[in-house]
Amino acid sequence: MSRFSETLTGYAKYKGSGHWAFVLHRLTGLAIVLFLLIHVVDTAFVYFWPAGYEEAIVLYRSPLFGIGEILLVFAVIYHALNGLRIAIFDLWYPEGWEMGFAQKSVVWTLAIAIILWIPAAVIMGQSILAHLGG
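Below, the structure is given as structure tokens:
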């Protein structure tokens, strides 16, 4: 088995809530980087290819991209809160890494992220529906 497939298999095996927090943290980080890359490139279109920029804006106003933006907001909120949790445990509260407390903190981090995300998701979802004429 190749090292790459071993790595993917390792990510897929359930190893507890901390493992899923690790995976979700990495995925949300990648989503944010992908968004920033796309954002920088399409913003450069304003100068280098104005017609392409206009096409991109039309595409970004589609419902599919609206849903992507809603998910991006969750990614930013979760990534920030989980990063804060990790920093607190690493810098000031190393006892937080103990199994029982760490598992609870993962659940609390996800719960707080969802609670903070829901109002934004509702507002953004209403905007998508209004754009569709619903």
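Each residue of the sequence shown is one higher than the one before, starting from 605 at the first, in this note's numbering.
Don't be surprised by glycine CBs; every beta carbon is placed ideally from N, CA and C.
Model, not experiment: these values are computed from the prediction.
Practice task
For SER666, name the three-state secondary structure that DSSP assigns.
Solution key: In this structure, SER666 counts as coil in the three-state DSSP scheme.
Practice task
Using a threshold of 8 Å, state whether the C-beta atoms of SER606 and VAL710 are closer than that.
Solution key: The beta carbons of SER606 and VAL710 sit no closer together than 8 Å.
Handout entry: DSSP-derived helix/strand/coil call for GLY633
Key = Three-state result, GLY633: helix.
Problem - Contacts around ASN686, its chain only, beta-carbon distance under 7 Å, and the 5 residues preceding and following it disregarded - result: Excluding residues within five positions, the ones whose Cβ falls inside 7 Å are ALA625, HIS629, THR713.
Practice task
Note down the Cα distance separating TYR697 from LEU668, rounded to an integer number of angstroms.
Solution key: Distance between the alpha carbons of TYR697 and LEU668: 41 Å.
Practice task
Classify GLY741 as helix, strand or coil using the three-state DSSP reduction.
Solution key: One cannot answer for residue 741 here, as it falls past the ends of the chain, which runs 605 to 738.
Problem - Buried or exposed by the 16-neighbour rule on C-beta atoms within 10 Å, applied to HIS735 - result: Under this definition HIS735 is an exposed residue.
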